[in-house]
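Shown next, in structure tokens, is the structure this report addresses.
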Amino acid sequence: KRVGFNSIDLKKLPLQHLSLTFCSFADTDMAGMDLQGCDFSSSEFTNADLRKANFTDCILDKANMSKAKLEQANLAGVSAEGVFFGEADLRFANFGNAKLRHSTFSKADASDANFGGIEAEESLWQGVKAETAKFQGANLKYADFSHADVRKADFSGANLGCANLHNLHKDGAIMVGAITLNARDTDM
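Residues 2 to 189, numbered by this note's numbering, are exactly what the sequence shown covers, in order.
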């Protein structure tokens with residue numbers, strides 16, 4: 002059973018470095034909050050307003066971020082393995098050096114987001130909008146980018162080995178030094 006904080010204003014509470022696993026923050030306004038170092042494993046954030054929130058060094062493993070508003074949020078260094086970010090607003094969010102293995106970003110808007118240095122093997126990005134996003138040095142082995150829009154995105158030095166790039170919209174994408182060994186692409 003989950004502890005529910007749904008639709009509650011938590012902005013005045015100091016929530017840094019706490020264990021808040023299996024909690025529900027659905028529809029909660031947490032915009033601009035400093036949540037650094039918290040453990041939110043298996044927690045629910047569906048439709049939560051998390052714009053400009055600081056999740057630096059948090060644990061979000063197996064959390065549900067479906068349709069969450071994470072515009073300009075700082076998720077640098079998070080452990081977010083197996084997280085569902087489907088249809089989330091990730092514009093200008095910073096995921097630098099995050100652990101995102103097995104996470105799903107399907108139909109999310111990740112335009113201008115920073116995914117530099119992420120570890121995201123076997124992650125799902127189908128239909129994601131990631132125009133001008135930064136994936137420099139990212140480990141995206143076995144990732145599925147089918148039907149994604151990555152126009153003008155920067156994949157410099159990224160590892161896309163064995164990735165699914167079927168019907169990828171990549172006009173103007175920077176692929177200098179990217180590893181695409183055994184990647185599946187309809188354009189190859």
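Idealized CB from N, CA, C, for every residue including glycine.
Closer than 7 Å: residue i CB and nearest the ligand MN heavy atom
i: GLU72; result: In the structure on display, the ligand MN does not appear, and there are no ligands present to speak of.
Other residues of its chain near residue i: CB distance less than 6 Å, five sequence neighbours each side excluded
i: LYS171; result: VAL151
i: PHE23; result: ARG3 and SER43
i: GLU1; result: Coverage of the chain is limited to positions 2 through 189, which leaves residue 1 absent and any answer about it impossible.
i: ALA85; result: Inspection of the sequence shows that residue 85 is occupied by Phe rather than by Ala. Closer than 6 Å at Cβ, skipping near neighbours: ASN65, SER67 and THR105.
i: ALA131; result: ALA111, VAL151 and ALA154
i: MET176; result: PHE156
i: LEU166; result: PHE146, ALA184 and ASP186
Classification of residue i by the beta-carbon crowding that lies within 10 angstroms, buried from 16 upward
i: ILE60; result: buried
i: LYS68; result: buried
i: ASN183; result: exposed
i: GLY173; result: exposed
i: LEU14; result: exposed
i: ARG52; result: buried
i: LYS135; result: buried
i: LYS100; result: buried
Beta-carbon contacts of residue i that lie in its chain and below 8 Å, excluding the five residues immediately before and after
i: ARG92; result: GLU72, GLN73, ASP110, ALA111, SER112, ASP113 and ALA114
i: ALA89; result: MET66, SER67, LYS68, ALA69, LYS70, LEU71, PHE106, ALA109 and ASP110
i: SER168; result: Looking at the sequence itself, residue 168 is Asn, so the reference to Ser does not match. Within the same chain, ASN168 has close Cβ partners SER147, HIS148 and THR187.
i: ASP62; result: SER42, SER43, SER80, ALA81, GLU82, GLY83 and VAL84
i: GLN17; result: ASP35, LEU36, GLN37, GLY38 and CYS39
i: ASP28; result: ASN7, SER8, THR47, ASN48 and ALA49
Cβ shell of residue i (< 7 Å), same chain only, five flanking positions each side left out
i: GLY5; result: SER25
i: ASP10; result: ASP30
i: GLY158; result: GLN137, GLY138, GLY178 and ALA179
i: THR133; result: SER112, ASP113, LYS153 and ALA154
i: ASN95; result: ASN75, LEU76, ALA77 and ASN115
i: LEU21; result: CYS39, ASP40, PHE41 and SER44
i: CYS163; result: LYS142, TYR143, ASN183 and ALA184
(request) Let me know the beta strand (DSSP E) ranges lying completely inside the stretch 23-64, each 3 residues or longer, listed in chain order. (result) none
(request) May I have a chain-ordered list of the alpha helix (DSSP H) segments no shorter than 4 residues that lie completely inside the stretch 112-149? (result) none
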